[in-house]
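The next block holds one structure in the form of structure tokens; read it before the comments.
Numbering (mature numbering (1 follows the signal peptide of the UniProt record, and there is no 0)), first residue to last: -21 to -1, 1 to 212.
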């Protein structure tokens, strides 16, 4: 009887709103952000503006489980789950509303998401999306490098003079609405890449990777191996 009572009490605590659904709001100070690193299921709503700010709304997490680190221009947003029940609860979330003046690098991994809320302008921008993460942005940049890997997804629109992109490990790159003058793309390991080029293409597909390209650009180089495919649309 005592064992049953203890088990019932424990289950009740686990299911209670206080245990699983507490809400936290944080407003950490940020300044001069140049690199954004996001991990562990954090959802970032990214805005470019004339000032910089960050607000975090979280449900089902303690404050000390929310990682916000600012060092040498790099902002890290992540989760450090405590205890054996970390990650339980389908209604748990961490949403970060971030406004920055400019960024030169965005790194998204481990199931995190970045949602561009405004058009984003940069001179040079490096984007890395990996391990089941997602990124959606409209970008205008002179030079862009994009890496998508390990089941991640990146959807890009806008324009750039030069795009260097790599999609690997079952990832998907949707950049057919990103108008690139020069487009250099690699796809491998069962990954997909869709791109648009106005002047020049350099394309390489291997290991079951697929590249779909469109636009008036000239194909300067085209290489396939190991079941890779390159198709024009």
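Just so you know, even glycine gets a beta-carbon here, dropped at the ideal spot from N, CA and C.
With DSSP run on the structure shown, which of helix, strand or coil describes residue 151?
Residue 151 falls in the strand class under three-state DSSP.
Residue 136 and residue 107 - do their beta-carbons sit closer together than 9 Å?
Going by C-beta atoms, residue 107 is not nearer than 9 Å to residue 136.
Give me the Cα-Cα distance between residue 57 and residue 18, rounded to the nearest whole angstrom.
Approximately 5 Å, taken between the alpha carbons.
Can you say whether residue 10 is buried or exposed, counting buried as having 16 or more other CB atoms within 10 angstroms of its CB?
It counts as exposed.
Residues in its own chain within less than 7 Å of residue 195 by CB, not counting five upstream and five downstream?
Result list for residue 195: 177, in chain order.
By how many angstroms is the C-alpha of residue 25 removed from the C-alpha of residue 31?
In a straight line, the C-alpha of residue 31 is about 11 Å away from that of residue 25.
Roughly how many whole angstroms lie between the Cα atoms of residue 82 and residue 96?
Whole-angstrom Cα-Cα distance: 14 Å.
Exposed or buried, residue 164, counting other C-beta atoms within 10 Å across all chains shown (16 or more means buried)?
Label assigned to residue 164: buried.
Below 9 Å between beta carbons: does that hold for residue 122 and residue 139?
Taking 9 Å as the Cβ cut-off, residue 122 and residue 139 qualify as a contacting pair.
Determine whether the beta carbon atoms of residue 38 and residue 71 lie at a separation below 9 Å.
Yes. Within cutoff.
Given a cut-off of 9 Å, decide if residue 133 and residue 154 are closer than it, judged by their beta-carbon atoms.
Yes, these two residues count as a Cβ contact at 9 Å.
Quick one: grab the DSSP three-state call for residue 179.
Here residue 179 sits in strand by DSSP.
Alpha carbons only, please: which of 51, 52, 4 is nearest the one belonging to residue 40?
Of the listed residues, the one whose Cα sits closest to residue 40 is 4.
Under a three-way DSSP split, which group does residue 214 fall into?
With the chain running from -21 to 212 in the structure shown, residue 214 is simply not present.
Please classify residue 51 as buried or exposed, where buried requires at least 16 other C-beta atoms within 10 Å of its C-beta.
With fewer than 16 Cβ atoms within 10 Å of its Cβ, residue 51 is classed as exposed.
Helix, strand or coil: which one does DSSP assign to residue 43?
The answer is helix: DSSP assigns residue 43 an H, G or I state.
By the DSSP assignment, the beta strand (DSSP E) with residue 18 in it spans what residues?
Where residue 18 is concerned, there is no enclosing beta strand (DSSP E), given that its DSSP letter is neither H nor E.
When you compare each of 94, 20, 141, 43 to residue 160 by their alpha carbons, which one comes out closest?
The option with the nearest alpha carbon to residue 160 is 141.
Just to confirm the assignment, what range does the beta strand (DSSP E) spanning residue 212 have?
Unbroken run through residue 212: none, as it is neither H nor E.
If residue 94 and residue 23 are in contact, beta carbons under 8 Å, what's the gap, nearest whole angstrom?
Rounded, the Cβ-Cβ distance is 7 Å, consistent with contact.
Can you tell me which of the three DSSP states residue 10 falls into?
DSSP places residue 10 in coil when its eight states are reduced to three.
Do residue 162 and residue 144 have their C-beta atoms within less than 9 Å of each other?
Yes, these two residues count as a Cβ contact at 9 Å.
For residue 200, does the count of other Cβ atoms within 10 angstroms reach 16, so buried, or fall short, so exposed?
It is exposed - the Cβ of residue 200 has fewer than 16 other Cβ atoms within 10 Å.
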